[in-house]
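In the numbering used here, the protein residues as written are 32 to 336. Worksheet for the structure shown next.
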Ligand code: PSU
Ligand code: MN
């Protein structure tokens, strides 16, 4: 039945059958997160970093209604330069499939499709979370609910302070999602290594991460884990520069009445516009760094199966 919907490429399928390490990658970052051609270059480079670190990459998207796990270079290129690819979160999947549309997957929907395929590790840039002002707007990303219920570890650089990081932490705590700092006590905030918030656990090796994930899932503690991996120091942005840009972006979104699924893409592109190329370069580098840790984590997990 699942084959009707799910299309896993032969290399990924063989790797999964043999218990080899596989790392899932999202596609919203390609279609909505970065400009062409940097988005395509980055997506392909991320795949090669995963290979260099001993795992098989599986970029995920919905193409003509098929849930694709593992894309060709042409498919990545298509997602990177075609406008009108739909940002697809959990609630969108049925309609993108039924209407045979093209969908770029968010963290939530990438986790869903990865889990359907049997992939346990997913590397990306940043997760969605509780937006500033959520006490009024109720704007809370479906990524957080997915982390609560779907068994996939998400290696990211934390979340951007376009969100309310404190409330995002509280939400994850309520849902029982561990927020782990990879070699850090402090939760990173995407462009910066610091956020002013602590992680639940500092973990220093992929081996311990893998053991914790195995214990979690062996014990039936369903759901994912946030593995927060700080941006390398040399690519970190100035704390005030980035936060001023974010303040401006949040204010403009409020004034323009931007809500719902448009909110995150609007804020991301505004911040990019204000900070120019420097934030894009940081963004690319932190994704590379997450790909490396994701691959090593997948390798360690595969040893424990
Ligand atoms: N945060 C980023 N870059 C991104 C996203 C979030 O720094 O590209 C994307 C991810 O795909 C994430 C989604 O899952 O936005 C969250 O959107 P929303 O807040 O509408 O759930
Ligand atoms: Mn939202």
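Here a beta-carbon is modelled for each residue, glycine too, at the ideal position from N, C-alpha and C.
In DSSP terms, what residue i is bridged to
i: residue 263; result: In DSSP, residue 263 forms no bridge with anything.
i: residue 63; result: Its beta-bridge partners do not exist; DSSP assigns none.
i: residue 191; result: DSSP output for residue 191 lists no bridge partner at all.
i: residue 219; result: The partner list for residue 219 (beta bridge, DSSP) is empty, contrary to what the question assumes.
i: residue 257; result: 185 and 210
i: residue 134; result: 93 and 117
i: residue 54; result: 88 and 152
i: residue 171; result: 161
i: residue 233; result: 212
i: residue 247; result: Answer by DSSP bridge pairing: none, since residue 247 is not bridged.
i: residue 37; result: 98
Sequence-distant residues of the same chain with beta carbon closer than 6 Å to residue i, five excluded per side
i: residue 38; result: 97 and 99
i: residue 325; result: 54, 152, 154 and 186
i: residue 167; result: none
i: residue 193; result: 277 and 298
i: residue 212; result: 230, 233 and 259
i: residue 70; result: 61 and 111
i: residue 52; result: 86, 329, 330 and 333
i: residue 172; result: 159 and 160
i: residue 214; result: 235
i: residue 177; result: 139 and 142
i: residue 130; result: none
i: residue 315; result: 73
With 16 other Cβ atoms within 10 Å as the buried cut-off, status of residue i
i: residue 169; result: exposed
i: residue 312; result: exposed
i: residue 237; result: buried
i: residue 140; result: buried
i: residue 264; result: exposed
i: residue 157; result: buried
i: residue 301; result: buried
i: residue 268; result: buried
i: residue 114; result: exposed
i: residue 64; result: buried
i: residue 195; result: buried
i: residue 45; result: exposed
i: residue 256; result: buried
i: residue 107; result: buried
i: residue 105; result: exposed
i: residue 320; result: buried
Heavy atom of the ligand PSU within 6 Å of residue i beta-carbon
i: residue 295; result: yes
i: residue 174; result: yes
i: residue 60; result: yes
i: residue 116; result: no
i: residue 251; result: no
i: residue 137; result: yes
i: residue 358; result: Absent from the model: residue 358. The displayed extent of the chain is 32 to 336, so no value can be given.
i: residue 157; result: yes
i: residue 334; result: no
i: residue 292; result: yes
i: residue 44; result: no
i: residue 206; result: no
i: residue 97; result: no
i: residue 301; result: no
i: residue 191; result: yes
The ligand MN heavy atom lying under 6 Å from the CB of residue i
i: residue 195; result: no
i: residue 170; result: yes
Cβ shell of residue i (< 8 Å), same chain only, five flanking positions each side left out
i: residue 126; result: 132
i: residue 200; result: 210, 218 and 228
i: residue 117; result: 123, 127, 132, 133, 134 and 135
i: residue 335; result: 241, 242 and 245
Residues of its chain near residue i, where Cβ-Cβ distance is below 7 Å and the 5 sequence neighbours each way are ignored
i: residue 180; result: 253 and 254
i: residue 303; result: 310 and 311
i: residue 58; result: 90, 91, 92, 110, 135 and 136
i: residue 144; result: 91, 98, 100 and 136
i: residue 261; result: 188, 215, 219 and 224
i: residue 323; result: 80 and 84
i: residue 50; result: 333 and 336
i: residue 198; result: 161 and 165
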